[in-house]
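Only one structure is covered here, and it is reproduced in the block below.
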Amino acid sequence: MASQGESTHVDKLVRDIYGGDYERFGLPGWAVASSFGNMVCKEKRESISKEDLARATLVSITNNIGSITRMVALNEVLHYFTM
């Protein structure tokens, strides 16, 4: 189901806020600024499919796992996990 969805219909991206990349902080326009951020807008909410929600859920969980992994690696001083 998630493979048929588009998470960008559900998530608010950096480009949705700034109109493109946010160069001051090195954020590309395609980066997620807010998971499920488009859910606050009734018009967007009505046009979103179950597949889009499934994909956004998968992306959100994956991003959280990646963030937690990076934080743990930095905390444990495992430099090979850091950028």
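Be aware that the sequence shown starts at 92, since it is given in my numbering, and climbs by one per residue.
Note that CB positions come from ideal geometry on N, CA and C, so glycine has one too.
Taking C-beta to C-beta, are residue i and residue j nearer than 8 Å?
i           : j           : result
residue 92  : residue 137 : no
residue 101 : residue 139 : yes
residue 96  : residue 146 : yes
What are the boundary residues of the alpha helix (DSSP H) that residue i is part of?
i           : result
residue 105 : 105-109
residue 98  : Where residue 98 is concerned, there is no enclosing alpha helix (DSSP H), given that its DSSP letter is neither H nor E.
residue 144 : 141-166
residue 115 : Where residue 115 is concerned, there is no enclosing alpha helix (DSSP H), given that its DSSP letter is neither H nor E.
Tell me the residue span of the beta strand (DSSP E) that contains residue i.
i           : result
residue 123 : 123-125
Please report the straight-line C-alpha distance between residue i and residue j, rounded to a whole angstrom.
i           : j           : result
residue 132 : residue 166 : 38 Å
residue 98  : residue 134 : 16 Å
residue 123 : residue 103 : 6 Å
Counting beta carbon pairs with one atom in the region 149-157 and one in the region 121-134, are three or more of them shorter than 8 Å? yes
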